[in-house]
Ligand SMILES: Nc1ncnc2c1ncn2[C@@H]1O[C@H](COP(=O)(O)OP(=O)(O)O)[C@@H](O)[C@H]1O
Ligand SMILES: [Mg+2]
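In our numbering, the protein residues as written are 48 to 372.
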């Protein structure tokens, strides 16, 4: 499998009136083509900042302090703007949580799909129409012809989300960045949309960088998972490995906290304390204040770096759990 995305030692800071906010601290991971790599982390852990950095859409107050982002070997941080904008929308596309805000309120859905298709193809009117209908129905919209004539305000939030996914997939990108795309949907709708998204991306050979705060959703979607905590990747592993043998105390606590059908009497455990805010990031392990496995080394040495403990399974911890096979 070919590598499609490579992020190395990425550090992103925001300059604010109250000081520097260290949103991403030394993020490194690789994604292979057609793979679903999930980044999971709580609110404020830096997920959207990572997505925006890859897309080259960070606000002006943000600064990529160091690191590299490569898409198919092309440097996304230092390439000329025209190279990046050619890739955006054709090779890489992105869809956000708030789909309605991302759609143009004064254009019909048909026009918006047509614009997305025509930006990278020379299809005739007929082909644009039939292809638009096809992709809308593949995303579960039952009356595509009518939807094409509608405006965003005619549609429900869930329908807008499916339309946004259609627009972002219509050019069969090699990478789709999906930032909390189904978080606002009911659980049953969420499962259906994710299923369709997964099938469509498999057909198109599209890799997904799937971003979510929900470990349950991630378990159902991912091939590989990166756990983000306070701007730091604390664990990265194939999905089965991560859920069967989590090795970072934070990952383990999150998985322990998931309700299980096979253990209805299980007591749900919550984590004590709060994660540090991005303006409180220190040189030590970000999980130190909440970790019940911390030892002297954790209080004296700088933040541990990700290191491989099994094939494909990396953890950033001085005292990883169950590291013996
Ligand atoms: N435009 C911004 N200006 C200042 N700080 C920001 C900005 N955007 C995000 N942050 C801060 O960066 C950190 C990561 O935010 P974000 O990437 O939005 O997290 P997530 O998507 O995981 O909820 C947070 O502490 C957040 O407050
Ligand atoms: Mg976010």
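Glycine included, C-beta positions come from ideal geometry on N, C-alpha and C.
Item to check | Euclidean distance between Cα positions of residue 318 and residue 337 | outcome: Residue 318 and residue 337 have their C-alpha atoms spaced approximately 7 Å apart.
Next on the checklist: Give me, in chain order, the residues of the same chain whose beta-carbon lies closer than 8 Å to that of residue 352; leave out the 5 immediate sequence neighbours on both sides.
Outcome noted: The answer, listed in chain order, is 73, 363.
Checklist entry - Between the beta-carbon of residue 244 and the beta-carbon of residue 186, is there less than 9 Å? => result Taking 9 Å as the cut-off, the beta carbon of residue 244 is found closer than this to the beta carbon of residue 186.
Checklist entry - residue 208: beta carbon under 8 Å from a heavy atom of ligand 2? => result If you check the C-beta of residue 208 against ligand 2, you find no heavy atom less than 8 Å away.
Next on the checklist: Assess contact between the region 203-211 and the region 225-237, defined as three or more Cβ pairs (one per stretch) separated by less than 8 Å. Is contact present?
Outcome noted: Result yes; three or more Cβ-Cβ pairs closer than 8 Å.
Checklist entry - From residue 250 to residue 180, what distance separates their C-alpha atoms? => result Their backbone Cα atoms lie some 17 Å apart in a straight line.
Checklist entry - Taking the beta strand (DSSP E) that residue 276 falls in, what are its first and last residues? => result 271-276 is the extent of the beta strand (DSSP E) around residue 276.
Next on the checklist: What does the alpha-carbon distance come out to for the pair residue 365 and residue 120?
Outcome noted: Cα to Cα, the separation comes out at about 32 Å.
Next on the checklist: Under 8 Å, with one C-beta from each stretch per pair, do the region 274-286 and the region 89-98 reach the 3-pair mark?
Outcome noted: Contact between the region 274-286 and the region 89-98 is present, because at least three Cβ pairs lie under 8 Å.
Checklist entry - Which runs of the alpha helix (DSSP H), 4 residues or longer, sit entirely within the region 233-301? => result Qualifying alpha helix (DSSP H) stretches, in chain order: 234-251, 262-268, 286-291.
Item to check | Of the listed residues 296, 288, 259, nearest to residue 358 (C-alpha basis) | outcome: Among 296, 288, 259, the Cα nearest to that of residue 358 is on 288.
Checklist entry - What does DSSP give as the partner residues of residue 77 in its beta bridges? => result Note: residue 77 is bridge-paired with 53 in the DSSP secondary-structure output.
Checklist entry - What is the residue span of the alpha helix (DSSP H) that residue 395 lies within? => result In the structure displayed, the chain extends from 48 to 372; residue 395 sits before or after that span and is not available.
Next on the checklist: Contact between the region 118-136 and the region 151-159 is defined here as three or more beta-carbon pairs at a separation below 8 Å; is this criterion met?
Outcome noted: Output reads no: the region 151-159 does not touch the region 118-136.
Item to check | For residue 325 and residue 410, the rounded distance between their alpha carbons | outcome: The first residue shown for the chain is 48 and the last is 372, placing residue 410 beyond what the model contains.
Item to check | 7 Å CB neighbourhood of residue 213 in its chain, flanking five on each side removed | outcome: Excluding residues within five positions, the ones whose Cβ falls inside 7 Å are 160, 182, 183, 186.
Checklist entry - Hey, residue 139 and residue 116 are a contact pair by Cβ (cut 8 Å); roughly how many whole angstroms apart? => result Actually they are not in contact, since the Cβ atoms of residue 139 and residue 116 sit about 11 Å apart, beyond 8 Å.
Checklist entry - Under the three-state reduction of DSSP, which class applies to residue 116: helix, strand or coil? => result Residue 116 falls in the strand class under three-state DSSP.
Item to check | Beta-carbon proximity of residue 281 to residue 69, cut-off 9 Å | outcome: Cβ distance not < 9 Å, so residue 281 and residue 69 don't count as in contact.
Item to check | First and last residue of the uninterrupted beta strand (DSSP E) at residue 84 | outcome: Where residue 84 is concerned, the enclosing beta strand (DSSP E) stretches over 83-87.
Checklist entry - In or out: residue 49 buried (at least 16 other Cβ within 10 Å) or exposed? => result Label assigned to residue 49: exposed.
Next on the checklist: Restricting to Cα atoms, I'd like to know which of 221, 341, 145 is closest to residue 83.
Outcome noted: Nearest C-alpha to residue 83: 221.
Checklist entry - With DSSP run on the structure shown, which of helix, strand or coil describes residue 219? => result Residue 219 carries a coil assignment under DSSP once its states are collapsed to helix, strand and coil.
Checklist entry - How would the residue list near ligand 1 read, in chain order, if you kept each one whose beta-carbon is closer than 6 Å to any heavy atom? => result This selection yields 61, 63, 68, 70, 88, 90, 91, 92, 93, 94, 95, 96, 106, 108, 324, 325.
Item to check | residue 357, enclosing beta strand (DSSP E) - first and last residue | outcome: Boundaries of the beta strand (DSSP E) around residue 357: 354-357.
Next on the checklist: For residue 136, tell me which candidate among 122, 253, 242 has the shortest Cα-Cα distance.
Outcome noted: Minimum Cα-Cα distance from residue 136 among the listed residues 122, 253, 242 corresponds to 253.
Checklist entry - Which whole-angstrom value describes the C-beta separation of residue 57 and residue 71, a residue pair presumed to lie in contact below a C-beta threshold of 8 Å? => result With a Cβ gap of about 6 Å, residue 57 and residue 71 count as contacting.
Checklist entry - Per DSSP, residue 66 forms a beta bridge with which residues? => result Per DSSP, 63.
Next on the checklist: I'd like to know whether the C-beta atoms of residue 88 and residue 147 end up nearer to each other than 9 Å.
Outcome noted: Their beta carbons are not under 9 Å apart, which means residue 88 does not touch residue 147 by this criterion.
Checklist entry - Among 215, 233, 54, which residue has its Cα nearest to the Cα of residue 79? => result Distance check between residue 79 and each of 215, 233, 54 places 54 closest, using alpha-carbon atoms only.
Item to check | Beta-carbon gap between residue 265 and residue 85 smaller than 9 Å | outcome: Here residue 265 is near residue 85, since their CB atoms are less than 9 Å apart.
Next on the checklist: Using a 10 Å radius around the Cβ and a threshold of 16 neighbouring Cβ atoms, would you call residue 142 buried or exposed?
Outcome noted: Residue 142 should be labelled buried.
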